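Novice:
4 protein chains.
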Amino acid sequence: MGGMGLKVGVYGGSGYAGVELVRLLAGHPEIGALSVASRGYAGLGIGEVHPQLSVDGTYVSPEEIEDLDVAFVAYGHGESAETVRELMRSGTHLVIDLSADFRLPHEELYGEWYGEHPAPELLMEAHYGLPEVFGAPAGRLVANPGCYPTAAILALAPVVRRMEGIRSVTINALSGVSGAGAKPSVKTHFVSVNESAGAYGAPRHRHTPEIETILRRVGEVPDVTFVPHLIPITRGELETIVVDVEGVPEAEEVLGWYAEDYEDWVFVEAREEYPHVAHVANTNRCRLSAAVDSRAGKLLLFSAVDNLLKGASGAAVQNMNLALGYEEDLGLEHLE
Amino acid sequence: MGGMGLKVGVYGGSGYAGVELVRLLAGHPEIGALSVASRGYAGLGIGEVHPQLSVDGTYVSPEEIEDLDVAFVAYGHGESAETVRELMRSGTHLVIDLSADFRLPHEELYGEWYGEHPAPELLMEAHYGLPEVFGAPAGRLVANPGCYPTAAILALAPVVRRMEGIRSVTINALSGVSGAGAKPSVKTHFVSVNESAGAYGAPRHRHTPEIETILRRVGEVPDVTFVPHLIPITRGELETIVVDVEGVPEAEEVLGWYAEDYEDWVFVEAREEYPHVAHVANTNRCRLSAAVDSRAGKLLLFSAVDNLLKGASGAAVQNMNLALGYEEDLGLEHLE
Amino acid sequence: MGGMGLKVGVYGGSGYAGVELVRLLAGHPEIGALSVASRGYAGLGIGEVHPQLSVDGTYVSPEEIEDLDVAFVAYGHGESAETVRELMRSGTHLVIDLSADFRLPHEELYGEWYGEHPAPELLMEAHYGLPEVFGAPAGRLVANPGCYPTAAILALAPVVRRMEGIRSVTINALSGVSGAGAKPSVKTHFVSVNESAGAYGAPRHRHTPEIETILRRVGEVPDVTFVPHLIPITRGELETIVVDVEGVPEAEEVLGWYAEDYEDWVFVEAREEYPHVAHVANTNRCRLSAAVDSRAGKLLLFSAVDNLLKGASGAAVQNMNLALGYEEDLGLEHLE
Amino acid sequence: MGGMGLKVGVYGGSGYAGVELVRLLAGHPEIGALSVASRGYAGLGIGEVHPQLSVDGTYVSPEEIEDLDVAFVAYGHGESAETVRELMRSGTHLVIDLSADFRLPHEELYGEWYGEHPAPELLMEAHYGLPEVFGAPAGRLVANPGCYPTAAILALAPVVRRMEGIRSVTINALSGVSGAGAKPSVKTHFVSVNESAGAYGAPRHRHTPEIETILRRVGEVPDVTFVPHLIPITRGELETIVVDVEGVPEAEEVLGWYAEDYEDWVFVEAREEYPHVAHVANTNRCRLSAAVDSRAGKLLLFSAVDNLLKGASGAAVQNMNLALGYEEDLGLEHLE
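Residue numbers (our numbering), protein chains in the order written: chain A, 27 to 362; chain B, 27 to 362; chain C, 27 to 362; chain D, 27 to 362.
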């Protein structure tokens, strides 16, 4: 990490999160050299493959990348751990993994939801990279949070931290189609998605245990009901969370908790107005709100993020900034 | 109701529900004469005002309509009751009101949610027009159900009828923009809605008491938490309902209840596959499904309708058919 | 074609045009038996595979279909001709081919744009199924027109028939994504299409020679410039056609030609108002308009169709109706 | 324009172009003080009115703004000139007008298309702010180009400059709905726009004379046929331009002209690949391409911009930068 700027590499630089990472890192003032690997596109110009990016440079194969200060791994779940292990062994100063491979605390839980863990010895070393709740990443390995868990935990942590006796938590989530990945399928065909909407993955979506186990670090929470839906937008997520708890607080009180807990963090903000996806799309923000259904005795929380930014690549760069001691929004100022 | 076919009139024939009614009634085989009233457009060709309709005929003013066999009133809430009263007094054989004015059972509840009732003496006379739950309309006045309550009650009635000890019901609803009405506003501007999504109306949306009071005719239900969201589609609604109940049944059992209760009704069908809006858009269907979150101990119900058809005008024509002794799908065969 | 209704078969019943055909044919009053073949889905319920269809019945393999009165072939270009040949040989009363295989008048032209013709001996036998221009189909083989040519020829034929000295014709077309087919690809991924628009296929889209050669049956036309664009809608096409001609007529005169030529045909209508896609979507209509750019001395024509209905399956059923002597809109009344 | 940074004001800061200006100016490194005026919202927080903006500060009334170095006027056509006149009189160093009021070269032409000019004495003073064609703005008054003319002139100028004998130019344009302004109307209602597309304004859209007269500064052009269409996207414009000219050049030659003329400008780039709206949306780019229809003997040009950035507010900031001697992309780096 010498005077010429950081040497940074991206593995999996042609998926949606990878492309977004490249866009952000290409404009980051502390980066001296950026290598972007893609097995499928090695040798092609990044800007040729993705005409929406005005980035110079050429995709390389993963093997061509060496001597990184910081590595971002944007592979799929299960595919990431192997690369992470090699990077850790080779002494990379900071490894930020965008997959789910290092988000769950132990091997058994991972096995139950994802299958056998490819690098269980690293699980204890990973820091869950949600700085507004857990502070700047410590150590060399950052598990970048899932998009749904980001929105859910930012909304719920201040409540869970303060309230006992939560009886149930129901999370209803809406997601844009970029959340389903870049691979063409019947499910992501324009004609399938447009003028439609539907639940999927429930009642056993893999983000459920991530939400539960991470929240349990700050307080007691029952098992969560999580129902995601696909809606016809490109990017953005909105979660409507219903909390059944003894002694429902006033909405204003909850907004006060948010103000208090997120005071020092630029990307998270609570407002009285319910957040819309358009309030956060193309930004690194999380916008929160709260209301009370006094008839039914329920607390309602609302949380919106851009799944590719605060829900993935924006958070990853924010984590890099904090891990290296920079301002959290360095290179992300236009996404505030 | 002589040999020349029915004399039918539509009041409020230029809003979204009105236009849809006109489309359906213009193709109905038992209708001999159709009058369509619109204050704003009286004197103009219906097909000129709405180029998507290939309907002959001209809008008239409400005063010009006389001697109807069947009247459909598609005015807004509070505006409808006055016209309904006159139609009832003038001896119209059947009056189908698409507003909320006659859906709630008594004046006090109406007052709490909508304001003073303009024609309370008719409340007792109205039949709630959800035939799959309450049978063919009896009497001369049909209160056509709200769009959200249609989807909610069709999903919940078979459960409420059979289960005791329901502790909570949370309804998360997604709606297309036609549900917000034809009047231009910042809220319905394309740029506001497109690439966005947001909750609105919660926690006190006016469809809440309709859902509760109608459901209580078939069984016990606690106060319902109802959170509607606007999403960027033109038509269709999807509800994801979470039921917290002692002794959660198996999903298959619930699907069996649906099959049993809706066996004789062509427009309601349950499937294992979760319904998508596209499965019901431009049809008079309601599609249902059920799942169980066994970890959190919750029953999940899914219900989709087209808000302008099964959620409004299609149901209104179905109600007319049943009230007059026709097949429920007469003139609606292509919407099955 | 006995008293029990027509025996009808669909080959390629799981693509977008095939599904639309099944929907229409399932509601057609003269059809006694409908067989639907799909190689990929043989054995599966049609309504299982396509939940938006409430059609009973099961996909069969093409080999299982026998003794048809009418066959619809909805295969891709080049794949269709073989099946058509067999159907013609086996004595099928009427074969309607939705591919491009029999639309061009001779082998050489087909070869230039599509490759070697698989059944050239049938080219002379095929009737181009645009009845509003060429009358009810004669003979046993109907070449159902392409979607773009349908819109273009309906707009241009009345002009070409009456005007000499046309110097140039430029067709700018916008198409919904269903026009790109059901096969998932990067091009049809929701994220690629949404919030975007782009030209494709120009300057050598395969519908160009179809437009030119068919139009030349009614008058003289220079080579046509045809530029299609993909826009983020599911269905519908809009063409804006600029004609450079000596002695530009008044727009009213052109509207008069349209009225005259299409007087006896229910699905084609010209209006002063420019057609929007929404005026024809989900219908079998073609809507036309005309304007004059008097400064630049150009005639502007506007034409809109639903690519899956008037541009494919609706026209195919209309062709069947006319070939068999029924009213052109039998079973299509709700699509007028 | 002292050491404390520029004093900048925006008039009309709550329309789409105004909001975009505020977003850009709030992040501009040379601006010391930013005042934003809006008659309708004076006194309200900018970020309250537009939750998608994380901008501090409050709307003021126009009268409250004083002593500006740079003023941006984002009023409608005809409403702008009065404010511009006052700003010029009061000695504002630089006035950038985003309306059409100062784009046409003389009073008569303005009168023919817009009505009587409110400040004709300033017409001669205005510099047409398309720097890639006419260089950095000179003088104190910049007429910021229209969105359609920006895309058209950038595509056509290099051709018009080099070719004689152009016989006709036809511009087919697709526009997102933000181009229709923020005022709610039937035309911009989500339900009107979604799943539709239509031509409007042709054959006498007001951008036509702007395109013609500006192009005639670089070469000879016949009267232009310009047909804009509204499509269901929020932002972005795509123009497909057909040029009929003696001796059609090769596409590669035209791409070479683009490369040559725009070599020194960061925001304009030509590629072989046809531009899609998604390649320029949310950027200040213009992307160009060219093709030849050798059968019909026509040159095809393709040009895409974001109507709110390169087509309005991005260009306005770029003009400010150039007029004040900064790099053209200062504060716009993330929009390259």
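Every residue gets a Cβ at the ideal spot worked out from N, C-alpha and C, and that includes glycine.
Just so you know, these numbers come straight off a predicted model, no measurement behind them.
1. Which residues, in chain order, does the stretch 44 to 73 of chain A contribute to contact with chain C at a C-beta distance below 8 Å?
2. Short of 8 Å in beta carbon distance, which residues of its chain neighbour Gly191 (chain C), apart from the five on each side in sequence? Order them along the chain.
3. Which chain C residues are close to Ile259 (chain D), counting only those with a beta carbon under 9 Å from its beta carbon?
4. By how many angstroms is the C-alpha of Asp319 (chain B) removed from the C-alpha of Arg230 (chain A)?
5. Tell me the residue span of the beta strand (DSSP E) that contains Asp319 (chain C).
6. To the nearest angstrom, report how far apart Thr395 (chain C) and Leu79 (chain B) are at their CA atoms.
7. Between Pro144 (chain C) and chain D, is there a C-beta pair that is closer than 7 Å?
8. Note the first and the last residue of the continuous beta strand (DSSP E) segment covering Val294 (chain C).
9. Would you mind working out which of C:Ile57, C:Glu236 and C:Leu124 sits nearest Gly137 (chain C), comparing C-alpha positions?
10. Could you give the DSSP three-state label for Ala59 (chain B): helix, strand or coil?
11. Output yes or no for whether 7 Å exceeds the beta carbon distance between Val99 (chain D) and Leu120 (chain D).
12. Based on DSSP bridge pairs, tell me the residues matched to Lys324 (chain D).
13. On the DSSP bridge assignment, give the partners of Pro254 (chain D) in chain order.
14. Which one or two residues does DSSP pair with Ser329 (chain D) in a beta bridge?
15. Looking at C-alpha atoms only, which residue of C:Glu151, C:Tyr174 and C:Lys213 is the closest neighbour of Ala3 (chain C)?
16. What separation, rounded to the nearest whole angstrom, lies between the Cα atoms of His103 (chain D) and Asp127 (chain D)?
17. Can you tell me where the alpha helix (DSSP H) with Ala160 (chain D) in it begins and where it stops?
18. Could you tell me whether the Cβ of His215 (chain B) comes closer than 7 Å to any Cβ of chain C?
19. With distances taken Cα to Cα, identify the nearest neighbour of Pro88 (chain B) among B:His54, B:Asn345 and B:Gly39.
20. Between the Cα of Glu92 (chain D) and those of D:Val34, D:Arg65 and D:Tyr42, spot the shortest distance and give me the residue it belongs to.
21. Quick one: grab the DSSP three-state call for Thr176 (chain D).
22. Would you report the Cα separation of Asp355 (chain A) and Gly155 (chain A), rounded to the nearest angstrom?
23. Drop a sphere of 10 angstroms on the beta-carbon of Arg294 (chain D), count the other beta-carbons inside from all chains shown, and report buried for 16 or more, exposed for fewer.
24. Could you check whether Gly31 (chain D) and Glu56 (chain D) sit closer than 7 Å to each other, using their CB atoms as the reference points?
25. Do Pro254 (chain A) and Ser329 (chain A) come within 7 Å of each other at the CB atom, strictly closer than that value?
26. According to DSSP, which residues form a beta bridge with Tyr37 (chain C)?
27. Grouping DSSP H, G and I as helix and E and B as strand, with all else coil, what is Thr84 (chain A)?
28. Check distances from the C-beta atoms of the stretch 119 to 138 of chain D to those of chain C and list, in chain order, the residues that come in under 9 Å.
29. Between the alpha carbons of His302 (chain C) and Ala169 (chain A), how many angstroms are there, rounded?
30. Start and end of the alpha helix (DSSP H) containing Ala6 (chain B)?
31. For Asn220 (chain C) versus Pro184 (chain C), is the C-beta distance shorter than 7 Å?
32. What do you get for Glu289 (chain C), buried or exposed, if any count of 16 or more other CB atoms within 10 angstroms of its CB means buried?
33. Roughly how many angstroms lie between the CA atoms of Gly44 (chain B) and Gly224 (chain C), to the nearest whole one?
34. How would you list, in chain order, the residues of chain A whose beta-carbon sits under 8 Å from the beta-carbon of Val303 (chain B)?
35. DSSP puts Ala225 (chain B) in a beta bridge; with which residues?
36. Out of curiosity, what's the CA-to-CA distance linking Glu298 (chain B) and Val247 (chain B)?
Specialist: Taking the geometry as given:
1. Listed by position, the residues of the stretch 44 to 73 of chain A near chain C (Cβ gap below 8 Å) amount to none.
2. Spatial neighbours of Gly191 (chain C) in its own chain (CB-CB distance under 8 Å, excluding positions within 5 residues in sequence) are listed in chain order as Val271, Glu272 and Gly273.
3. Near Ile259 (chain D) (Cβ distances below 9 Å), the residues of chain C are Asn220, Glu221, Ser222, Ala223, Ile257 and Pro258.
4. Each residue's Cα considered, the two are about 8 Å apart.
5. First-last of the beta strand (DSSP E) with Asp319 (chain C): Cys312 to Asp319.
6. Absent from the model: residue 395 (chain C). The displayed extent of chain C is 27 to 362, so no value can be given.
7. Not flagged as an interface residue toward chain D: Pro144 (chain C), since no C-beta distance is shorter than 7 Å.
8. From DSSP, the beta strand (DSSP E) with Val294 (chain C) extends over Val294 to Ala296.
9. Of the candidates C:Ile57, C:Glu236 and C:Leu124, the one whose C-alpha sits nearest the C-alpha of Gly137 (chain C) is C:Glu236.
10. Looking at Ala59 (chain B) - three-state DSSP - the assignment turns out to be strand.
11. Cβ atoms of Val99 (chain D) and Leu120 (chain D): not closer than 7 Å.
12. Beta-bridge partners of Lys324 (chain D) (DSSP): D:Asp319.
13. When beta bridges are read from the DSSP output, Pro254 (chain D) appears opposite D:Ala199.
14. According to the DSSP secondary-structure assignment, Ser329 (chain D) is paired through a beta bridge with D:Glu265 and D:Leu314.
15. A question about residue 3 (chain C) goes unanswered here, because the residues of chain C that appear run from 27 up to 362.
16. The alpha-carbon atoms of His103 (chain D) and Asp127 (chain D) are separated by roughly 6 Å.
17. First, the amino acid is wrong: residue 160 (chain D) is Phe here, not Ala. Unbroken alpha helix (DSSP H) run through Phe160 (chain D): Pro157 to Phe160.
18. Not one chain C Cβ lies under 7 Å of His215 (chain B).
19. Shortest Cα-Cα distance from Pro88 (chain B) to any of B:His54, B:Asn345 and B:Gly39 involves B:Gly39.
20. Here the closest residue by C-alpha is D:Val34.
21. Reduced to three states, the DSSP call for Thr176 (chain D) is helix.
22. Our two residues, Asp355 (chain A) and Gly155 (chain A), have alpha carbons roughly 15 Å apart in a direct line.
23. Before going further, note that residue 294 (chain D) is Val rather than Arg in the sequence given. Around the beta carbon of Val294 (chain D), 16 or more other beta carbons lie within 10 angstroms, which makes this residue buried.
24. Their beta carbons are under 7 Å apart, which means Glu56 (chain D) touches Gly31 (chain D) by this criterion.
25. Taking the C-beta atoms as reference points, Pro254 (chain A) is found no nearer than 7 Å to Ser329 (chain A).
26. Tyr37 (chain C) pairs with C:Ala63 and C:Val99.
27. In the structure shown, the three-state DSSP call for Thr84 (chain A) is strand.
28. Residues passing the 9 Å Cβ filter: none.
29. Looking at the backbone, the Cα of His302 (chain C) and that of Ala169 (chain A) are separated by about 50 Å.
30. Examination of residue 6 (chain B) is not possible in this model, given that chain B is present from 27 through 362 alone.
31. No. Outside cutoff.
32. Counting other Cβ atoms within 10 Å of its Cβ, Glu289 (chain C) stays below 16 and is therefore classed as exposed.
33. Approximately 37 Å, taken between the alpha carbons.
34. Here the neighbours are Glu221, Ser222, Ala223 and Gly224.
35. Ala225 (chain B) is bridged to B:His255.
36. Using only the alpha carbons, I get a separation of about 25 Å.
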